[in-house]
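Under the working numbering, the first residue of the sequence shown is numbered 29, with each subsequent residue one higher. Heads up, the beta-carbon is just placed ideally off N, CA and C, and yes, glycines get one too. In what follows, a structure is listed as structure tokens, so that the remarks can point back to it.
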Amino acid sequence: MSYPYQIKSLEEYQNAHQKSVDHPEEFWAGIADNFKWHKKWDSVLDWNFNEPKVEWFKGGKLNITENCLDRWVETQPDTPAIIWEANDPTEKDKTLTYKELHFKVCQFANVLKNNGAKKGDRICIYMSMVPELAIAVLACARIGAIHSVVFGGFSAQSISDRIQDAQCNIVITADGAYRGNKDIPLKSIIDEALVTCPSIQKVIVLTRTGIPVSMIEGRDCWWEEEIKKVEEQGNAFCAAEIMDAEDMLFILYTSGSTGKPKGVVHTCGGYMVWTNYTFINVFQYQKGQVHFCTADIGWITGHSYIIYGPLSAGATTLMFEGIPTWPDAGRFWDIVNKYKVDILYTAPTAIRSLMAFGNDHIEGKNLSSLKVLGTVGEPINEEAWHWYDEHIGKKNSPIVDTWWQTETGGVLISNLAGVTKAKPSFATLPMPGVQPLLVDENGKEIVGNNVSGNLCIKFPWPGMLRTTYGDHERCRATYFSTYNNLYFTGDGCLRDGDGDYRITGRVDDVLNVSGHRIGTAEVENAINMHTGVVESAIVGYPHDIKGQGIYAFVILNGIHTDENHTKKDICQTVAKIIGAIAKPDKIQFVSGLPKTRSGKIMRRILRKIAEGEIHNLGDTSTLLDPSVVDEIKMNRL
Ligand code: 7RM
């Protein structure tokens, strides 16, 4: 079976895009008709970017899990829905068919209900990549609770911030997690977080590693025991909560250029249609294929292309608990070999890192099942693109370079595998429904080709964010106020002579380290919490593997004299406050920071120095004290 809305040629793509621009409501109603609705929508689209207000399929009634599970249980109950590969290659893998996954999701949905969960509650999920993570996510969606998944690498402080912001009442976690040769004590990190989270009433704990944990009477319970209770109650089925298309499906926190991470909100109907449509078209998924997205479900890529996109298409999605380099750098290729993976979707940072380990790790692994390769998260350099193409795809698998954001829900700009042309380091063309444009600093559109500017989108697409949780004004200010009537992405972009788009990177104070978004302000705040620090400034610099590395300029107060020790302490502080992913790669102690007369740090100058560009610093005439720049240049790391 193929999908009626799967685009099969360049011409079909062009027609679809044209129709989506000329008659967007008709176009998207036609796509949305392919899903299971309890009631069709009252209006397809209602929007204005000033408030902003974006509503798709309003009045439509559905449950996304019926589209991801029930409808496939009817037609293909024994198709594998999730294949799971453990961290340790000697641990037995698991497969859950659609029938089995449906059963487990219903069961756990009943666990949630037994623990007082109801529609509209916010539930924090802090787990590693085990099948129960997907089950927990879908069980929330089943009962209309709003999930907020927090990546298993975040610190207690970060979890606490997110739980408090969303006022969650339940946490779902595990005793511990395996990651490479490390054991992460998830439950004890949760315990630390919950000291400052009075809204939490229940903690449901899955047994994974068996490390001892503390269980607090009345608050904490074991996943397995709760399942037993449901079995004893005999209520295996859980009817899906009927949701409005515009009811919230989930919150996912993401970093910006200022303040704490914001809770990006996605809703049920539009997000479902968007992840499904982009999954089927970008990857050209064919029934029966195995799709392996290597992201963690703690990030948007995992939400959209491990869970909702594939499952809503009745696909087989592969979940991997471990990391690409353990037990050795051949792990991805072992997995491709073992499960005959058809589609591999990963990040440029992983490609560069595996490339650096050398091609010995590929030898003897049969990669001939691969038909489509994908990348996401950051710009891919041409060298990595060609290595991926030659050594993994054997020049026989189209590469899709998919540009998108947490806020966009799914892919906005990408080639369609084997259907529209690929171009190294270019995301190429907008998906149907996406109307990109480039603007200059004044918000004036830059027309024509061979131009670059700031990337904006001028019309809503079904998967776009609706608000930032609890603070709609922040959503307006961040995305809709820079340019009138446009969604601003925060990315710089070039449009070449063919009209193809190449995303060049962030133009705001957001770093992209190994494909993870990190706000400079967040890292600075964490560093400044160290007792020895007066002030700090963070910039990104080009890093061979990570894409961007974190360079910290730090002023000390002189309390601590051992500088090397202080560097380590600062890294510890950042890991504690945010998580290990935000640790600086380089720390340079300075006596002052380049500031304007009004006290603003001139990051532009620091960025140049960190990049090694010390001769051409641009206009420095507004600097309060030019001598600090000479000192910083001289001691550059
Ligand atoms: C999916 C995801 C979003 C930011 C985005 C870009 C960068 C993502 C690409 C890319 C160049 C790509 N969501 N980005 N994909 N840059 N080419 N194909 O990563 O919210 O975590 O990050 O990532 O800067 O604004 S995210």
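Give the DSSP bridge partners of residue i, in chain order.
i	result
D275	Answer is none; D275 lacks a bridge partner.
P458	I441
M347	W112
E473	V467
R190	Per DSSP, none; premise fails for R190.
P570	Q576
W431	I441
S176	C152 and I279
N482	V467 and G520
N76	K81
R545	N540
W250	V233
Mind checking residue i: buried by the 16 CB within 10 Å criterion, or exposed?
i	result
T118	exposed
D324	buried
V428	buried
I587	exposed
L539	buried
V404	buried
Q576	buried
E254	buried
A608	exposed
V475	exposed
K472	exposed
D272	buried
G527	exposed
E102	exposed
G627	exposed
Q46	exposed
V562	exposed
T698	Past the edges of the chain, shown from 29 to 665, lies residue 698, and the structure says nothing about it.
Would residue i and residue j qualify as a contact pair, given that the criterion is a beta-carbon distance under 9 angstroms?
i	j	result
S671	C96	Outside the shown range of the chain, which is 29 to 665, sits residue 671, and nothing can be said about it.
G291	S176	yes
I583	L621	yes
Y126	G342	yes
N663	F617	yes
A169	T107	no
Q312	G446	yes
E113	K366	yes
T224	Q261	no
Y666	N309	This structure cannot speak to residue 666, because the chain is shown only from 29 to 665.
F307	P355	no
S186	I605	yes
D219	K230	no
Y569	P460	no
G18	D116	One cannot answer for residue 18 here, as it falls past the ends of the chain, which runs 29 to 665.
A610	V541	yes
E269	G172	yes
Report, in whole angstroms, the separation of the C-beta atoms of residue i and residue j, which I expect to be a contact under 8 angstroms.
i	j	result
V158	R207	About 12 angstroms separates the two Cβ atoms, so there is no contact after all.
W302	G438	5 angstroms
T448	L161	Not quite, the Cβ-Cβ distance comes to about 34 angstroms (not below 8 angstroms), so this is no contact.
K89	W56	17 angstroms between Cβ atoms; not a contact.
V479	L466	6 angstroms
A412	I379	5 angstroms
D121	I111	7 angstroms
V178	G87	Not confirmed; about 32 angstroms, so no contact.
Could you tell me if the beta carbon of residue i falls within a distance shorter than 8 angstroms of some heavy atom in the ligand HEM?
i	result
T624	The ligand HEM is not part of the structure shown, which contains the ligand 7RM as its ligands.
field: the stretch 387-403 / the stretch 270-282 touching (three or more Cβ pairs under 8 angstroms)
entry: In short, these stretches do not touch, since the Cβ pair count stays below three.
query: Pairing CB atoms from the stretch 314-324 with CB atoms from the stretch 365-384, are three or more of them under 8 angstroms?
result: The stretch 314-324 and the stretch 365-384 touch, with no fewer than 3 CB-CB distances between them shorter than 8 angstroms.
query: Touching or not, the stretch 380-387 and the stretch 518-525, by the rule of three or more beta carbon pairs under 8 angstroms?
result: Contact fails: fewer than three Cβ-Cβ distances are below 8 angstroms.
field: Stretch pair the stretch 262-279 + the stretch 293-301: three plus CB contacts closer than 8 angstroms
entry: Judged by Cβ distances under 8 angstroms, the stretch 262-279 makes contact with the stretch 293-301, as three or more pairs qualify.
- prompt: Is the stretch 404-414 touching the stretch 492-512 in the sense that three or more CB pairs, one from each, lie closer than 8 angstroms?
  reply: No: fewer than three Cβ pairs fall under 8 angstroms.
query: Contact between the stretch 625-645 and the stretch 594-612: three or more CB pairs below 8 angstroms?
result: The stretch 625-645 is not in contact with the stretch 594-612.
- request: Inspect the CB distances between the stretch 60-68 and the stretch 235-250 and report whether three or more fall short of 8 angstroms.
  value: Output reads no: the stretch 235-250 does not touch the stretch 60-68.
message: With three or more C-beta pairs closer than 8 angstroms as the rule, is the stretch 182-198 touching the stretch 140-155?
response: Yes, they touch.
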